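Respectively, the protein sequence lines represent chains A and B. Residues 9 to 411 in this note's numbering are what the first sequence lists, from first letter to last. Residues 352 to 463 in this note's numbering are what the second sequence lists, from first letter to last. From the three backbone atoms N, C-alpha and C, an ideal C-beta is built for every residue, glycine too. Computed from a predicted structure; not experimentally measured. Okay, so here's the structure we're looking at.
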Amino acid sequence: MSIDTGDTAWVLISAALVLFMTPGLAFFYGGMVRSRHVLGMLMQNIFSMGIISVLWSAIGYSIAFGGEGSLVGDFSHVFLADTDGVSGSIPTIAFVAFQMMFAVITPALITGATADRLKFGAYAVLISVWALLVYFPVARWVWNENGWIFSMGALDFAGGAAIHINAGVAALAVVLVIGNRIGHGSEPMPPHNLPYTVLGTGILWFGWIGFNAGSALAANGVAAQAVVNTHLAAAAGMLGWLLVERRSAGHATTLGAASGAVAGLVAITPCAGFVGGASPLIIGGIAGVLCYLALGLKSKFNFDDSLDVIAVHLVGGIIGTILLGLFADTSVNEGGADGLLYGGGTELLIDQTVAAVAVMAYSFVITYIIAKVIDATMGLRVEETAERTGLDQSQHAESAYQA
Amino acid sequence: MKLITAIIKPFKLDEVKDALKAIGVTGMTVTEVRGFGRQGGHTETYRGAEYKIDFVPKVSLDVVVDDSVVSDVVEAIASAASSEKIGDGKIWVTDVERLVRIRTGEEGPQAV
């Protein structure tokens, strides 16, 4: 097939949109931490743009998309060898660029759970090893035509399982190893700058258009449907969250609006190019409500998922991945499948469930082992005085705000 | 000479400043502070978790004046800063042992 310039242009623009999400995530999270840790948070996020991009070009792309293995790729594209061909209707190297931005943001999602206490050096090792052992293989399972989840027939348009379930359950594993923040549950830890969080939400929402609609890998009707689905799910997610928050806590909050929109965006991610009509409103609305209710899990089980990565990304990712088994519609995308509510029976629902459970199990176990090994060797967590002083000074010898 | 210190509600600062200028006070120092008194704090809610915020933002105002105008200044601050609600703040007066204007070296009431 020859290169289509319209398709190529859209994928290249989408790569830039997805790249922008990582600094957006940095500010989304950065606003929620206390002021003495904000640079630590921003740094962990933008550092992913550095280290993971290098790893992606060195070996990540090859593990995820090289060769014919169903579990891992080969070394045929190490340092981007042999990437001058055509994939579908776009240059292979455009696909490499687009997928690179996904690889960058996925490990960065974890940083919200470990806020204020993860040592920088340990973080660098953690996300590097995690990318190599968890993200690159899982991306292959889900998106490469040889990957076992892809071959099984499960659908993941832009990364409900590969990204949000994967990073969300990894966050849980790391939190269980690193422990709670000093003062968790006894000291108030209010967000230091919610305007940053709202700004970050806007950037994420904007970038998510490229994340989801770019995943069509073409400038066509499926991409346009994904734009609309993405936006509507964010909108419905915001409303769902605010409704239940207003009823149970008394106020519709700014942080709630931001969080609900992100919950809707997470849930629509696997579904973006496979559903239509009112489905994005239902999926986003359900995610807004259930992700809010999932906030209570961390106090119930006493794990300090500081910025609610599990409630938003893990739970939101599961909701989207499973609901796709109900709402998928081949009249929207003939390359997809029909869900239970569109005459497809239970087959897709079962495949979606298997995909979700498999990614959860693999990611949790491997991430837990990686975190344990790092903790036993170099230490995962900063010293107590460093945590009290703040990551900004203790890890980076800087202050975000000069007096 | 006396040092008059007033803790007031931040939004009352401009009214207090204008009232003091109107009675001839020529300078003051303002600091943003946090604290609590009988007003106590308030609660804030983030993602369903309620936090009790004990320290409330206030403005602290320092004015050094001649003994003869102390009552006028205290009254001016009290009336301008009052909203007749809890949390309006406090005013206290302390003796100033020595006062120096750095530029001229003047001391005492001339330096006010």
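What residue from the options has the CA that sits closest to residue i's CA?
i      : options                        : result
A/D82  : A/A411, A/F144, A/L134         : A/F144
A/L7   : A/V150, A/Y131, A/H45          : Nothing in the structure corresponds to residue 7 of chain A, since chain A is present only between 9 and 411.
A/M246 : A/L273, A/G222, A/V236         : A/L273
A/V283 : A/G74, A/R42, A/E342, A/G248   : A/E342
A/W64  : A/R42, A/Y204, A/A111          : A/A111
A/G39  : A/S314, A/D383, A/F128         : A/S314
A/N293 : A/T122, A/P115, A/W249, A/Y69  : This sequence places Gly at residue 293 of chain A; Asn is not what is there. Answer by Cα proximity: A/W249.
B/D413 : B/Q461, B/L371, B/G388         : B/L371
A/H200 : B/A462, B/V424, B/I442, B/E395 : B/E395
A/S416 : B/K403, B/K368, B/A462         : This structure gives no information on residue 416 of chain A, because the portion of chain A shown stretches from 9 to 411.
A/G324 : A/G268, A/I377, A/I358, A/G208 : A/G268
A/I190 : A/W213, A/G208, A/L126, A/G161 : A/L126
A/E395 : A/V146, A/A123, A/P198         : A/A123
A/I217 : A/A89, A/Q410, A/L25           : A/L25
A/A271 : A/G281, A/L303, A/V183         : A/L303
A/P419 : A/T91, A/V41, A/W18, A/S223    : Summary: the structure shown does not reach residue 419 of chain A, with chain A confined to residues 9 through 411, and so no result is reported for it.
A/Y370 : A/L322, A/V146, A/E392         : A/V146
B/T416 : B/D369, B/M379, B/P361         : The question names Thr, yet the displayed sequence has Val at residue 416 of chain B. The residue with the shortest Cα to Cα distance from B/V416 is B/M379.
A/F311 : A/L212, A/L180, A/L33          : A/L180
B/T445 : B/E366, B/V421, B/S434         : B/V421
A/T205 : A/S287, A/L50, A/K380          : A/L50
B/K363 : B/E448, B/W443, B/R449, B/S430 : B/S430
B/H399 : A/L332, A/T238, A/R254         : Looking at the sequence itself, residue 399 of chain B is Gly, so the reference to His does not match. Cα-wise, what sits closest to B/G399 is A/R254.
A/W138 : A/E153, A/I113, A/E392, A/G155 : A/I113
A/T354 : A/G96, A/I378, A/G161          : A/G161
A/G96  : A/G77, A/V182, A/A224          : A/A224
Less than 8 Å between the CB atoms is what I'm expecting for residue i and residue j, so what's the real figure, rounded?
i      : j      : result
A/A244 : A/L289 : 5 Å
A/G347 : A/A336 : 4 Å
A/F415 : A/P278 : Chain A is shown from 9 up to 411; residue 415 of chain A falls before or after that span and cannot be answered.
A/I276 : A/N220 : 7 Å
A/R389 : A/G187 : 7 Å
A/I330 : A/T375 : Between A/T375 and A/I330 the Cβ distance is about 22 Å, and since that is not below 8 Å, they are no contact.
B/I355 : B/G440 : 13 Å between Cβ atoms; not a contact.
B/G392 : B/V407 : 6 Å
B/V425 : B/M352 : Their Cβ separation, rounded to whole angstroms, is 14 Å, which puts B/V425 and B/M352 out of contact at 8 Å.
A/M386 : A/V142 : Contact flag wrong, Cβ pair sits at about 19 Å.
A/A234 : A/W213 : With 8 Å as the limit, A/A234 and A/W213 do not qualify as a contact, their Cβ atoms being about 14 Å apart.
According to DSSP, is residue i helix, strand or coil?
i      : result
A/S267 : helix
B/K353 : strand
A/V62  : helix
B/Y397 : strand
A/D337 : coil
A/T205 : helix
A/P288 : helix
A/V381 : helix
A/T375 : helix
A/V86  : helix
A/G6   : Here chain A comprises residues numbered 9 to 411, so residue 6 of chain A is not present and cannot be evaluated.
B/E448 : coil
A/G347 : coil
B/D413 : strand
A/R396 : helix
A/L247 : helix
A/P115 : helix
A/S307 : helix
A/P196 : coil
B/A386 : Note that residue 386 of chain B is Gly in the sequence shown here, rather than Ala. Strand at B/G386.
B/G392 : coil
B/K441 : strand
A/P145 : helix
B/K403 : strand
A/S70  : helix
A/I276 : helix
B/V463 : coil
A/R125 : coil
Original post:
Which residues, in order along the region 245-262 of chain A, keep a beta-carbon less than 9 Å from a beta-carbon of chain B?
Top reply: E253, S256, A257, G258, H259, T261
Subject >> the region 385-404 of chain B: positions lying closer than 9 Å to chain A by Cβ >> reply: E395, T396, Y397, R398, G399, A400, E401, Y402, K403, I404
Original post:
Between the region 173-207 of chain A and chain B, which residues of the former have CB atoms less than 7 Å from a CB of the latter, in chain order?
Top reply: Of all residues in the region 173-207 of chain A, P196, P198, P199 have a Cβ within less than 7 Å of some Cβ in chain B.
Original post:
Taking Cβ-Cβ distances below 7 Å as the criterion, which residues of the region 315-341 of chain A are in contact with chain B?
Top reply: Under the 7 Å Cβ criterion, the region 315-341 of chain A contributes D316.
Subject >> Length at least 4, wholly inside the region 151-193 of chain A: the alpha helix (DSSP H) runs in chain order >> reply: 156-160, 174-186
Original post:
Taking Cβ-Cβ distances below 7 Å as the criterion, which residues of the region 267-296 of chain A are in contact with chain B?
Top reply: S267
**OP:** Please list the residues of the region 18-47 of chain A that have a C-beta atom closer than 9 Å to any C-beta atom in chain B, keeping them in chain order.
**Re:** M40
Subject >> Interface residues of the region 129-158 of chain A facing chain B [CB-CB below 9 Å] >> reply: none
Subject >> Near-chain B residues of the region 341-356 of chain A - C-beta to any C-beta below 7 Å >> reply: none
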